[in-house]
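Undergrad: Chains as they are written, first to last, in the UniProt record's numbering: chain A, 1 to 346; chain B, 1 to 346. Handing you a structure now.
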DNA sequence: CCTCACACTGCAAGGATTTGCGCCAAGGTT
DNA sequence: AACCTTGGCGCAAATCCTTGCAGTGTGAGG
C-alpha cells in the first residue's frame with residue numbers, strides 16, 4: 001500500500017502537495033490537484049490509520065436496484081447473517097444512482113470495507129451467448145488488489161470468484177415442465193432484456209423442456225421487456241397479439257405481476273384462459289390475486305452461504321486463501337399457487 | 001478532534017496501547033482494550049488522514065427495514081437525488097441487523113460519511129403520547145459533535161434537526177373522511193404498534209374525522225399489530241370478531257394487503273362488504289386486486305427536499321449553519337382505487 | 001519461598017504526515 | 001525597467017503514529 005511519497009513521485013510533485021490535496025487545503029493549483037487525484041484513482045490511497053486498521057468489521061453489499069423486492073430481501077438476509085458474525089453492512093444499489101458499479105466498489109473500498117457481496121453483478125448484463133465467458137472487466141484488477149468478493153447469481157467461470165446461485169436454467173425448465181404437465185403446448189416466455197444472463201439461462205431451460213416434448217420454442221414465443229411490471233405487461237401484450245400462448249413463464253415476479261394485470265385488462269381469466277408463472281417468490285406473490293405460481297430462490301440459505309464464504313476468506317486464520325473459489329448452486333423450488341391451471345383452449 | 005494522546009490520557013494508558021487497540025494488534029489485555037474502546041465511543045477518533053479529509057462525497061442513509069417497499073423506494077429516491085449532486089450513498093437498515101441505530105451511526109461516521117438522512121428514525125418509536133416530546137436520546141450528542149442530519153418522517157420538536165415529513169395526522173383524517181363520505185359509520189383502524197409515532201398521529205386524524213361526525217372512535221375500534229401483512233391480517237381479524245366495522249384504514253399498505261387477504265379468507269367481498277384504505281402507495285398497491293385505495297406520500301419530493309437540505313448544511317459556503325433547522329410538511333394525496341366503496345350493510 | 005515463563009504495558013526510536021516559511025515565477029504597477 | 005504582489009510549490013521542522021524492546025507484575029510449579 002502506497003504512502004504519500006509513492007504518490008508524490010508518480011505525480012511528479014512533493015509529498016507536501018499530495019498531503020494538501022488529500023486534506024482539501026487551499027494553495028494548490030487546480031491543474032496540479034487534478035494530476036494528483038488522477039494518480040489517486042489508480043493507487044487508491046488509504047490513510048495509515050485506516051489502512052492498518054485491518055478489521056473494520058464492515059462489508060459492502062452491492063445490489064443492482066431496489067425496486068424489485070428480491071433485492072431488498074437479499075440485502076436483509078445478507079445483513080442479518082453478517083450481523084450474527086459481528087459484521088455490519090453497507091448497502092449500495094448501482095443502477096438507480098446512475099453510477100457505474102466500479103465507481104461504487106472503489107468508494108466502498110476507500111471507506112474501508114473488508115470485502116463485498118455482489119448480487120446480480122454487472123458482469124451478468126452483457127451481450128454474450130450462454131456458455132461463452134463474458135470479459136472479466138475490472139474484476140480481475142480488484143482481485144489483484146486483494147479485494148475479497150463473492151457473487152450471488154453472477155456465475156462467471158472466467159473469474160476466480162466464488163459464486164452462490166440458483167440454477168436459473170433448471171428454474172426455467174421446472175416452470176415450463178409444470179405447464180407442460182398441465183397440458184399446455186403454446187408456452188410463451190416473458191423475458192427480461194436480452195442482455196441479462198439470468199434471462200438467457202431461463203430461456204435455455206424453457207427451450208429444453210419444450211423441445212423434449214417436441215413443442216415449439218421459437219423466437220416468436222419470446223418477448224423482451226424491462227424488469228418491471230410495465231415491462232411484463234407490454235411483453236405479454238405483444239405475445240398475446242401474435243402467437244396467443246395459453247401459458248407464459250416470466251423472468252421475475254415483478255414482470256409476472258405486470259403480466260397478470262395485462263391479462264386482467266384484456267378480460268382474460270387467469271388461470272382459466274392464461275396460466276402465468278413468475279420467478280423469485282417475492283412476498284407479494286402470495287398476496288396477488290390470483291396468487292402467483294412461482295419458482296422460489298432459497299434466499300436465506302443463499303445469503304448465508306455467501307456471507308459465510310466471504311467471512312472465511314476474510315479470516316486471516318483460515319487455511320485456504322486466494323484461489324480456492326467455488327460455485328455453489330441451489331435448486332429452485334416450484335411453488336404452485338393459483339395462477340396456473342390446466343389448459344382449456346388449444 | 002482528539003489524537004491518540006488525548007484518548008490515552010482519558011483511558012489511563014499509554015499512546016502505544018491505544019495504537020495497538022486501534023490496529024487490532026495482539027498483546028493487549030481484553031479488559032484494557034474494552035476500556036479504550038469505551039473512551040473511543042465517547043470520543044470518536046478519526047485517523048488523521050481521514051478526519052482531515054473532509055469531503056468524502058459520501059452520505060449515509062438510515063432506514064428501519066427493507067421489507068416494507070416504501071423504504072427501498074425512499075432509499076432509491078434519496079440516492080438518485082444525492083447522485084445528481086455528486087454524492088454517493090451508503091444505506092443501512094437498522095432493524096434487520098438487530099443492531100441499534102446508534103451503533104450504525106457511529107460506524108457510518110467512522111467510515112467517513114459527511115452527513116446522514118434518517119428515514120423514520122428510532123426516536124419516533126417510543127412510548128410517548130402525541131404532542132409530548134420524546135427524550136432526545138443520543139441525537140443531541142451527535143449534534144454536539146457537529147454531525148449533520150436530516151430526518152424524514154421523524155418530527156421531534158425537541159431536537160434542532162430539520163425534518164421533512166408527510167402530515168400523518170392529515171393522512172389519517174383524509175382517509176377516514178373519504179370513508180365517511182362513502183357512508184361508513186363503523187370505521188376501524190388497523191394500526192401499527194402503539195409505540196410508533198406515525199401510527200399514533202394517523203390515529204389522531206382518524207379520531208378527529210370521526211368525532212366531527214359524532215361517530216365512535218373508541219379504543220375497541222383500534223387493533224394493533226406488527227408492520228407486515230400478517231400483522232394486518234391478524235389485527236383485522238380481531239376487529240371483525242369484535243366490532244365488525246364496514247371499513248378500515250391501515251397504518252401501511254403492507255398491513256392493508258394483509259387485511260385484504262384476511263377479508264378474502266373470510267369470504268368477505270371488498271369493497272362491497274368491507275372497504276380498506278392503506279398508506280404509502282407502494283407500487284404494488286395498484287396491482288392488488290382489488291387495487292388498493294391509499295394515501296400517497298410524495299416520495300420523490302420529500303427525498304429531494306431532504307437531500308437538498310442536508311447538502312446545503314454540508315456546504316461550507318452556505319451562509320446558514322447550525323441552528324437553522326426547520327420542518328417541511330408535505331400533504332398526502334388520496335389515491336382512490338377499487339378497495340373502497342359505498343357502505344352496504346350497516 | 002524461589003524461579004521461570006508469560007502476558008502486558010510503557011519507553012523511546014523510527015517512520016510517516018502535516019504545516020510554517022521561504023523561494024520562485026508570472027503578471028501588474030510605478 | 002525596476003519593483004511589488006500573489007499564487008503555487010518544496011524544504012524542513014514539528015507533530016503524530018507505529019513498533020521493537022525492555023521492564024513489571026502475576027501465577028504456577030518446584
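Heads up, the beta-carbon is just placed ideally off N, CA and C, and yes, glycines get one too. Quick caveat: nothing in here was measured; it's all calculated off a predicted structure.
Using 8 Å as the threshold, is the region 233-242 of chain A in touch with the region 202-211 of chain A, meaning 3 or more CB pairs across them?
TA: Short answer: they don't touch.
Undergrad: Sort B:221, B:281, B:150 and B:278 by Cα distance to residue 120 (chain B) and report the nearest one.
TA: Ranking B:221, B:281, B:150 and B:278 by Cα distance to residue 120 (chain B) puts B:150 first.
Undergrad: State the beta-bridge partners of residue 278 (chain A) as determined by DSSP.
TA: Residue 278 (chain A) pairs with A:294.
Undergrad: Helix, strand or coil, according to DSSP, for residue 60 (chain B) in the structure here?
TA: It is a strand residue.
Undergrad: Check each residue of the region 99-126 of chain B: if its Cβ is closer than 7 Å to any Cβ of chain A, include it; give the result in chain order.
TA: Correct list: 99, 104, 107, 111 and 112.
Undergrad: Cβ atoms of residue 116 (chain A) and residue 59 (chain A): under 9 Å apart, would you say?
TA: Yes, they are a contact pair.
Undergrad: Does DSSP put residue 92 (chain B) in a helix, a strand or coil?
TA: Here residue 92 (chain B) sits in strand by DSSP.
Undergrad: Is there at least one Cβ from chain A nearer than 9 Å to residue 260 (chain B)'s Cβ?
TA: Yes - at least one Cβ of chain A is within 9 Å of the one on residue 260 (chain B).
Undergrad: If you reduce the DSSP assignment to three classes, tell me which class residue 199 (chain B) lands in.
TA: Helix.
Undergrad: Using a beta-carbon distance below 9 Å, is residue 7 (chain B) in contact with chain A?
TA: Closer than 9 Å: no.
Undergrad: Please determine if the region 258-276 of chain B and the region 330-341 of chain B are in contact, where contact requires at least 3 C-beta pairs separated by less than 8 Å.
TA: Cβ pair count under 8 Å is three or more, so yes.
Undergrad: For the region 211-238 of chain A, list every residue whose C-beta sits within 8 Å of some C-beta in chain B, in sequence order.
TA: Residues passing the 8 Å Cβ filter: 229.
Undergrad: May I have the straight-line CA-CA distance separating residue 292 (chain A) from residue 254 (chain A), to the nearest angstrom?
TA: The alpha-carbon atoms of residue 292 (chain A) and residue 254 (chain A) are separated by roughly 11 Å.
Undergrad: How close, in whole Å, do the beta carbons of residue 330 (chain B) and residue 166 (chain B) come, if the pair is a contact with beta carbons under 8 Å?
TA: Correct: roughly 5 Å between the Cβ atoms.
Undergrad: Note down the Cα distance separating residue 11 (chain B) from residue 37 (chain B), rounded to an integer number of angstroms.
TA: Between residue 11 (chain B) and residue 37 (chain B), the C-alpha separation is close to 9 Å.
Undergrad: Which chain B residues sit within Cβ distance under 7 Å of residue 75 (chain A)?
TA: Within 7 Å Cβ-Cβ: 66.
Undergrad: Any idea what DSSP makes of residue 236 (chain A), helix, strand or coil?
TA: Reduced to three states, the DSSP call for residue 236 (chain A) is helix.
Undergrad: Give a yes or no on whether the minimum CB-CB distance between residue 257 (chain B) and chain A is below 9 Å.
TA: Closer than 9 Å: yes.
Undergrad: Using a Cβ-Cβ distance cut-off of 9 Å, determine whether residue 279 (chain B) contacts chain A.
TA: It does not; no Cβ of chain A falls within 9 Å.
Undergrad: I need the straight-line Cα distance from residue 275 (chain A) to residue 307 (chain A), nearest angstrom please.
TA: So the alpha carbons of these two residues sit roughly 37 Å apart.
Undergrad: Any idea if residue 173 (chain A) is buried or exposed, counting beta-carbon neighbours within 10 angstroms, 16 or more meaning buried?
TA: It counts as buried.
Undergrad: Let me check one thing: in DSSP terms, what residues is residue 327 (chain A) bridge-paired to?
TA: The partner list for residue 327 (chain A) (beta bridge, DSSP) reads A:163.
Undergrad: Is residue 14 (chain A) closer than 9 Å to residue 159 (chain A) when the C-beta atoms are compared?
TA: Cβ atoms of residue 159 (chain A) and residue 14 (chain A): not closer than 9 Å.
Undergrad: Show which residues of chain A have a CB atom less than 7 Å away from the CB atom of residue 284 (chain B).
TA: Near residue 284 (chain B) (Cβ distances below 7 Å), the residues of chain A are 284.
Undergrad: Mind checking if residue 273 (chain B) is an interface residue toward chain A, Cβ cutoff 9 Å exclusive?
TA: Judged by the 9 Å Cβ criterion, residue 273 (chain B) is not in contact with chain A.
Undergrad: Enumerate in chain order the residues of its own chain whose CB-to-CB distance from residue 265 (chain A) is below 7 Å, with the five nearest sequence positions on each side excluded.
TA: Excluding sequence neighbours, residue 265 (chain A) sits near nothing in its chain.
Undergrad: Please report the straight-line C-alpha distance between residue 433 (chain A) and residue 155 (chain A), rounded to a whole angstrom.
TA: Since the first residue shown for chain A is 1 and the last is 346, residue 433 (chain A) is missing from the structure and cannot be characterised.
Undergrad: Residues of chain A with a CB under 7 Å from the CB of residue 58 (chain B): which are they?
TA: Under the 7 Å cutoff, chain A gives 107 and 111.
Undergrad: What does the Cβ neighbour count give for residue 34 (chain A), buried or exposed, with the cut at 16 atoms within 10 Å?
TA: By the neighbour-count rule (16 or more Cβ atoms within 10 Å), residue 34 (chain A) is not buried but exposed.
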